[in-house]
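Chains as they are written, first to last, in the numbering used here: chain A, 17 to 260; chain B, 17 to 260. Here a beta-carbon is modelled for each residue, glycine too, at the ideal position from N, C-alpha and C.
Number of protein chains: 2
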Amino acid sequence: MMTVHEVSKLAGVSIRTLQYYDKIGLLHPTGYTDAGYRLYDDADLERLQHILLFRELEFPLKDIKAIINSPDFDRGKALEQQIELLRLKKEHIENLMNFALGIKILGVKHMDFKAFDRSKLDEYSRQAKELYGSTPEYKEMEEKQKNRTEEDEKILADRFMLLFKEAGEIKNSDPASADAQNLVKRIQDYITENLYTCTNKILRGLGKMYSGGGDFTTNIDAYGGEGTAVFVANAIEIYCDNAG
Amino acid sequence: MMTVHEVSKLAGVSIRTLQYYDKIGLLHPTGYTDAGYRLYDDADLERLQHILLFRELEFPLKDIKAIINSPDFDRGKALEQQIELLRLKKEHIENLMNFALGIKILGVKHMDFKAFDRSKLDEYSRQAKELYGSTPEYKEMEEKQKNRTEEDEKILADRFMLLFKEAGEIKNSDPASADAQNLVKRIQDYITENLYTCTNKILRGLGKMYSGGGDFTTNIDAYGGEGTAVFVANAIEIYCDNAG
DNA sequence: TATAAACTATTACGTAACGTCAGAGTCAAT
DNA sequence: ATTGACTCTGACGTTACGTAATAGTTTATA
Numbered sequence: 017m018m019t020v021h022e023v024s025k026l027a028g029v030s031i032r033t034l035q036y037y038d039k040i041g042l043l044h045p046t047g048y049t050d051a052g053y054r055l056y057d058d059a060d061l062e063r064l065q066h067i068l069l070f071r072e073l074e075f076p077l078k079d080i081k082a083i084i085n086s087p088d089f090d091r092g093k094a095l096e097q098q099i100e101l102l103r104l105k106k107e108h109i110e111n112l113m114n115f116a117l118g119i120k121i122l123g124v125k126h127m128d129f130k131a132f133d134r135s136k137l138d139e140y141s142r143q144a145k146e147l148y149g150s151t152p153e154y155k156e157m158e159e160k161q162k163n164r165t166e167e168d169e170k171i172l173a174d175r176f177m178l179l180f181k182e183a184g185e186i187k188n189s190d191p192a193s194a195d196a197q198n199l200v201k202r203i204q205d206y207i208t209e210n211l212y213t214c215t216n217k218i219l220r221g222l223g224k225m226y227s228g229g230g231d232f233t234t235n236i237d238a239y240g241g242e243g244t245a246v247f248v249a250n251a252i253e254i255y256c257d258n259a260g
Numbered sequence: 017m018m019t020v021h022e023v024s025k026l027a028g029v030s031i032r033t034l035q036y037y038d039k040i041g042l043l044h045p046t047g048y049t050d051a052g053y054r055l056y057d058d059a060d061l062e063r064l065q066h067i068l069l070f071r072e073l074e075f076p077l078k079d080i081k082a083i084i085n086s087p088d089f090d091r092g093k094a095l096e097q098q099i100e101l102l103r104l105k106k107e108h109i110e111n112l113m114n115f116a117l118g119i120k121i122l123g124v125k126h127m128d129f130k131a132f133d134r135s136k137l138d139e140y141s142r143q144a145k146e147l148y149g150s151t152p153e154y155k156e157m158e159e160k161q162k163n164r165t166e167e168d169e170k171i172l173a174d175r176f177m178l179l180f181k182e183a184g185e186i187k188n189s190d191p192a193s194a195d196a197q198n199l200v201k202r203i204q205d206y207i208t209e210n211l212y213t214c215t216n217k218i219l220r221g222l223g224k225m226y227s228g229g230g231d232f233t234t235n236i237d238a239y240g241g242e243g244t245a246v247f248v249a250n251a252i253e254i255y256c257d258n259a260g
């Protein structure tokens, strides 16, 4: 059980924000002390993670609340949407970068505002919200394909983990070896095909998370045996350096 | 001279926003009709572009006003900062994507909020703001290196344009030729080295802008002769297709 | 030339997501 | 017992607009 102060520090949100989220019913702590002090547990933190992700995507808190409290709220689906939205946001930023380059270097004078267009982004987030406030008919339709996606998801995760199992088998060899490097490429490809374009830079970021000693490390090692995460991280480093 | 309606349509901001920006002195139109209707010219639109860029970067309007109205406001420098900030924002989003992947696929359970950390971004934008509200001493120091950067900038732009001059010379050859493809690579490298990491995806976006028929096209053709922009755009397409 | 249709202006009020006090109770340690 | 650190709950302020409401303006058409 954590106090507001601790959660605030850990998650990087202000105490006032936590109090506010409690007030509007977005994130109630699991308990209160006799004096009325808020006490948060791990499940609350998990909720907070989702809230913050949606917040980064500029969802109004009201909508976030509706989504998270929805009876058919599905973590996996939500994360998928979030990833897709992040992808769109990244694209938006890339457009802006090109736009800025245009007026800086090429001296574009006549007025072009296409780069500021957010319709794609807004369209998708509108859809994401609709999913959770929908009519019974719509829900039924959704329900059917939900099972499909749920299964798909398991398969998705399992196949990803298989890659780490493979890594475990060669974790004592050279991370620069052809086998290891090939595995890295397959990890990258797998992410790109199933989730989002995994550039070398992103891959490098992933590598750091793997070897960081946190839960990533633990989970990967659970599949491949101790040292797997660090081994993969090393292989990724080498891979990215060479691709450089 | 454009009316509010026209500017609103073109730039994708609401009329109310334009009226508001006028009211708070962020963007006064150059003129008014006898009836008090706002009239905007191209310079106003240019200002609006900068405003929108800063707004995308989450600068408060007050700060944007201070920056834009500053006597030592420097378009080029501002754009450079904006690009750097966009780069940081992109990185931030990539971190979030990896984070989302972590909890989705790897089942990271224990709580990690590092991905939400905005300190780097905030730090840089703080610095950017400081530049324009700084003490005389600081300003003097800045002034000295301003000349340097101003010169650098000219050189930067000139060298970039030289690439298009080169493109002009081969614009009647095959865009898939080794020469053309090599030129594309040099354009990409130039941007990456001097401005921001220009991935193939970004490059593809640039290509589209080049051939879009707008000012990009005009400006490039001014350096390489008619058809240069489209030629480069074609070469970029081929280049990116081959790179996968 | 009258008059509708479309545009614009200003004023006023509403909203979202907090930040910032202010006043008061709580807890841990000295 | 008191100090310092922490927490609570209002109440009000703020930013960047959206949303009417009311009124004047311009353009097109009958």
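Expected contact under 8 Å - CB spacing of residue i and residue j to nearest Å
i	j	result
A/F247	A/P191	6 Å
A/Y226	A/A249	4 Å
A/L73	A/L95	Between A/L95 and A/L73 the Cβ distance is about 12 Å, and since that is not below 8 Å, they are no contact.
A/Y140	A/L104	6 Å
A/G184	A/Y255	In fact, because the Cβ distance is near 18 Å, the residues do not count as touching under 8 Å.
A/T46	A/D60	6 Å
A/T215	B/T215	6 Å
Beta carbon proximity, residue i to chain A, threshold 7 Å
i	result
B/L102	yes
B/A27	yes
B/M17	no
B/E110	yes
B/F75	no
B/N235	yes
B/E167	Because B/E167 sits at a pLDDT of 45, beneath the cut-off of 50, its placement in the model cannot be relied upon, and the following sentence gives the value as read from the coordinates. Not closer than 7 Å to any Cβ of chain A, the Cβ of B/E167 fails to qualify, so no.
B/I83	no
B/K162	Only weak support exists for where B/K162 lies, its pLDDT of 42 falling under 50; the coordinates are left without a value.
B/L95	yes
B/A259	no
B/I137	Position check: residue 137 of chain B holds Leu in this sequence, whereas Ile was assumed. No, because no Cβ of chain A sits closer than 7 Å to the Cβ of B/L137.
For residue j and residue i, the rounded distance between their alpha carbons
i	j	result
B/L117	B/Q197	35 Å
A/L222	A/L64	22 Å
A/K136	A/I67	22 Å
B/E242	A/L69	47 Å
B/N111	B/M177	34 Å
A/D133	A/H108	8 Å
A/D58	A/R91	16 Å
A/L3	A/S30	This structure gives no information on residue 3 of chain A, because the portion of chain A shown stretches from 17 to 260.
A/E159	A/A144	Confidence in A/E159 is poor, its pLDDT being 46 and thus under 50, which makes the residue's placement too unreliable to answer from.
B/F232	B/K106	24 Å
A/L219	A/I121	31 Å
A/K201	B/R142	39 Å
A/I99	B/N188	43 Å
A/Y37	B/K130	21 Å
B/L77	A/K224	37 Å
B/Q97	A/L34	33 Å
A/I119	B/E62	10 Å
A/E253	A/L199	13 Å
Within-7 Å CB hit, residue i to chain B
i	result
A/K106	yes
A/Q98	yes
A/N250	no
A/F70	no
A/I121	yes
A/K155	Bear in mind that the predicted position of A/K155 carries a pLDDT of just 46, short of 50, making it unreliable; the figure below should be weighed with that in mind. Not one chain B Cβ lies under 7 Å of A/K155.
A/I218	yes
A/F129	yes
A/G118	yes
A/L178	no
A/F89	no
A/L42	no
A/N114	yes
A/G221	yes
A/F247	no
Near the ligand MG: residue i beta-carbon under 6 Å from a heavy atom
i	result
B/K106	Among the components of this structure there are no ligands whatsoever, and the ligand MG is therefore not found.
Cross-strand partners of residue i (DSSP beta bridge)
i	result
B/M18	B/Y56
B/G47	B/L55
Stretch pair the segment 78–93 of chain B + the segment 28–42 of chain B: three plus CB contacts closer than 8 Å: yes
Meets three-Cβ-pair contact criterion under 8 Å: the segment 198–207 of chain A and the segment 17–36 of chain B: no
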